[in-house]
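Following the working numbering, the numbering of the sequence shown begins with 67 at its first residue and continues without gaps. For every residue, glycine included, the Cβ atom is placed at its ideal position computed from N, Cα and C.
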Amino acid sequence: MSSLERMLGVLSRLQVAQAKDLASELGVSQPTVSRLIQEAGERVCRMGQTRATRYARTRTLPRLGTRQPLHRISETGKVERFGEVHLLEGGRHWFTLEQGRSWLHLPAGTGSLFEGLPPFIVDMCPQGYVGRTFSRQHPELGLPLRLGDWNDDHHLIALAVHGADCVGDLILGEDSLNQWLAHPREPTDRSAYPELARRSDREQPGSSAGGEHPKFLTYSEGRHVLVKFASDDEGAIARRWRDLLVCESLSLEVIREAGIEAATAHWFDEGDYRFLEVERFDRVGERGRRGMISLKALDNEYIGDMGPGSSWTSVAPKLQAAGFIQAEDARRMRWLDVFGQLTGNDDRHFGNLSFLETGEGRLRLAPAYDMLPMRFVPSTTAVVDRPFVPDPPTARTLDIWPEAAHHASLFWTRVIEHEALSDGFRALARQGKEALEALRERLPL
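What follows is the structure, encoded as structure tokens:
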């Protein structure tokens, strides 16, 4: 066995090592280790600088090699080289920040080691309703048909080869960047939405917007929008989804009136469908973008709060203590958590809250989205209405509960009064408001 093969074997066993560790294991001098590392070329990744330098074995993926460039699209649509992702053995990744500022708080020219995919790449991955047919759309990549069977390498291949329109402001790989440069988004008229909905139902186009409600992404009237839809047939399930699309618009409207940013959403009927058009807050104009990261990705990498009993309320102070967000955003997170519960939104998971990156390399709470009474979502076969029970305040929510409850009551009132909603759903809203008002009267707040 050659000295190089011995060193590569030791590095695979140690996973991450400094030159002195390799020298000790091999019984050679550090200059000899330096020569072997030079000889290894792309098979070894150098991490860090000077005395803190560490080394790791790389792994190679088809069409990607051992590393991929990461570019950022600015709010003005300018392409900036952001960094590089190195693929390491054991599923690890080394990210080097080449220029610009980042909430990662890495000085330019330095890097960070991640045990899995970096959190900013996790959010870019195909997911949900519109990501499920990615493999069928791109059979040449040889990816598993079911997203649930994908591993991190599958996600990297998808992003680097066909990842031009992911969530946020980053594009991985030259192939995806070239696609973005060569194919500007063509505007879509609303009159084309019914056909896009029918096509989405048939094919589930492979973008990376998450969630399971039928939807598609498009560019319309100078805005990048996510469009949810429900058919106009007379069945109870379709009728319920039409009601919920209106409710989402009303909920976001009330949140804005409370002084908290929320996505701009408009519902309308066109052809055989009801549509809810939600403006994307990670896009600026035709070509500009904003950086964002979900609470799920942030918590998974740095906090570890997600699990039984976790909530937006429980993780908010931990994010603040870790320096990721300011006190006011922590308060807004708790407010949205309470408002969501009091309006029947049982789907307040960590993927339904995100943060935008500011120009100063910090994070701020992104506009609220996906805020609707998910408690009343139908199953695939029937509409089963579960009783709505508003929760009283806790020690963690006592300061914001009265205000959130006031706006929740306002939401229920608007649902009750909205003529586009079915009589059955308005009856549910009356029950919801009555339950909430009974709780408010009982509490001396």
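query = What is the DSSP secondary structure of Cys232, counted as helix, strand or coil?
reply = The answer is coil: DSSP assigns Cys232 none of H, G, I, E or B.
Query raised in the report: With a cut-off of 8 angstroms, do at least 3 Cβ pairs link the region 358-369 to the region 456-472?
Result: Here the region 358-369 does not lie against the region 456-472, with fewer than 3 beta-carbon pairs under 8 angstroms apart.
Ends of the beta strand (DSSP E) at Gly469? According to the sequence displayed, residue 469 carries Glu and not Gly. According to the DSSP assignment, Glu469 belongs to no beta strand (DSSP E) but to the alpha helix (DSSP H) extending over 467-483.
query: Which residue spans inside the region 159-200 form an unbroken beta strand (DSSP E) run of at least 3?
result: Qualifying beta strand (DSSP E) stretches, in chain order: 159-163, 177-180.
* Asked: Taking the alpha carbon of His221 as the point to measure from, which residue in Ala331, Gln245, Leu153, Ile139 has its own alpha carbon closest?
  -> A check of alpha carbon separations from His221 across Ala331, Gln245, Leu153, Ile139 identifies Leu153 as the nearest.
4 or more residues per run - each alpha helix (DSSP H) lying fully within the region 292-357: Runs of the alpha helix (DSSP H) inside the region 292-357: 302-323.
Based on the DSSP output, what are the partners of Val94 in its beta bridges?
In DSSP, Val94 forms no bridge with anything.
What are the boundary residues of the beta strand (DSSP E) that includes Leu283?
Note, Leu283: beta strand (DSSP E), 281-286.
Candidates Ala432, Arg414, Leu408, Pro458, of which the one nearest Thr479 by Cα: Among Ala432, Arg414, Leu408, Pro458, the Cα nearest to that of Thr479 is on Leu408.
Discussion item. Quick check: the Cα distance between Leu342 and Met399, rounded to an integer number of angstroms?
Written reply: Near 24 angstroms, if we compare the C-alpha coordinates of Met399 and Leu342.
Check your understanding: In whole angstroms, what is the alpha-carbon distance linking Val481 and Ile303?
Key -> Looking at the two C-alpha atoms, the distance is approximately 18 angstroms.
| message | Using only the alpha-carbon positions, how far apart do Leu238 and Arg129 sit? | response | The C-alpha of Leu238 lies about 13 angstroms from the C-alpha of Arg129.
Item to check | Segment contact flag, the region 371-386 with the region 155-163, C-beta cutoff 8 angstroms, min 3 pairs | outcome: Result no; under three Cβ-Cβ pairs closer than 8 angstroms.
| query | Straight-line CA distance for Asp235 to Arg138? | reply | Cα to Cα, Asp235 sits roughly 6 angstroms from Arg138.
(message) the ligand NAD and Glu319: does the residue's C-beta get closer than 7 angstroms to at least one heavy atom of that ligand?
(response) Absence of the ligand NAD from the depicted structure is noted, as is the absence of any ligand whatsoever, leaving it without description.
| said: Need the endpoints of the alpha helix (DSSP H) that Gln386 sits in, please. | reply: From DSSP, the alpha helix (DSSP H) with Gln386 extends over 378-387.
With H, G and I counted as helix, E and B as strand and the rest as coil, what does DSSP make of His220?
Correct three-state label for His220: helix.
Using 10 angstroms around the beta-carbon of Thr126, count the other beta-carbons present and answer buried if the total reaches 16, otherwise exposed.
It counts as exposed.
For Asp348, count neighbouring C-beta atoms within 10 Å of its own C-beta (all shown protein chains included) and say buried if the count is 16 or more, exposed if not.
When all chains shown are included, Asp348 counts as buried.
Residues sharing a beta bridge with Val227, DSSP:
Among the bridge pairs identified by DSSP, Val227 is matched with none.
- Best match in Asp189, Leu179, Glu71 for proximity to Phe416 [C-alpha to C-alpha]: If we check each option's Cα against that of Phe416, Asp189 comes out closest.
| said: Do His484 and Val312 have their beta-carbon atoms positioned less than 8 angstroms apart in this structure? | reply: Closer than 8 angstroms, so yes.
query: Taking one C-beta from the region 75-87 and one from the region 112-123 each time, how about it: are there three or more such pairs within less than 8 angstroms?
result: As far as the Cβ criterion goes, the region 75-87 touches the region 112-123, which means the pair count is three or higher.
Q: Check whether the Cβ atoms of Ala296 and Ser315 sit closer than 8 angstroms, and answer yes or no.
A: Contact check for Ala296 against Ser315 fails: the beta carbons are separated by 8 angstroms or more.
With a threshold of 16 other CB atoms inside 10 Å of the CB of Ser420, please say whether the residue is buried or exposed. With 16 or more other Cβ atoms within 10 Å, it is buried.
request  = Could you name the residues that DSSP lists as bridge partners for Arg414?
outcome  = Its beta-bridge partners do not exist; DSSP assigns none.
If Trp378 and Arg414 are in contact, beta carbons under 8 angstroms, what's the gap, nearest whole angstrom? That pair is a contact at about 6 angstroms.
Counted within 10 angstroms of its Cβ, other Cβ atoms place Met113 as buried (16 or more) or exposed
Buried: at least 16 other Cβ atoms inside 10 Å.
Taking all protein chains shown into account, do 16 or more other C-beta atoms lie within 10 angstroms of the C-beta of Val293, making it buried, or fewer, making it exposed?
Buried, because 16 or more other Cβ atoms sit within 10 Å of the Cβ of Val293.
Original post:
Taking the DSSP output, what are the residues bridged to Ala434?
Top reply: DSSP, once it has assigned bridges, lists Ala328 as partnering Ala434.
Does the region 430-437 come close enough to the region 324-339 that 3 or more CB-CB pairs lie under 8 angstroms? Cβ pair count under 8 angstroms is three or more, so yes.
Any 3 or more C-beta pairs closer than 8 angstroms across the region 283-293 and the region 254-267: Between the region 283-293 and the region 254-267, the count of C-beta pairs closer than 8 angstroms reaches three or more; the two stretches touch.
So, helix, strand or coil for Ser273, using DSSP? Reliability of the predicted coordinates at Ser273 is poor, the pLDDT of 43 falling under 50, and the value obtained from them is presented with this limitation in mind. Per DSSP, reduced to three states, the secondary structure at Ser273 is coil, with no helix or strand assignment.
- According to the neighbour-count rule (16 or more other Cβ atoms, all chains shown, within 10 Å of its Cβ), is His473 buried or exposed? Buried is the call here.
Subject >> Close-in-space but distant-in-sequence residues of the same chain around Phe180 (CB under 6 angstroms, 5 per side omitted) >> reply: Excluding sequence neighbours, Phe180 sits near His159.
Worksheet item: To which residues does DSSP link Tyr121 through a beta bridge?
Response: Answer by DSSP bridge pairing, in chain order: Ala83, Arg112.
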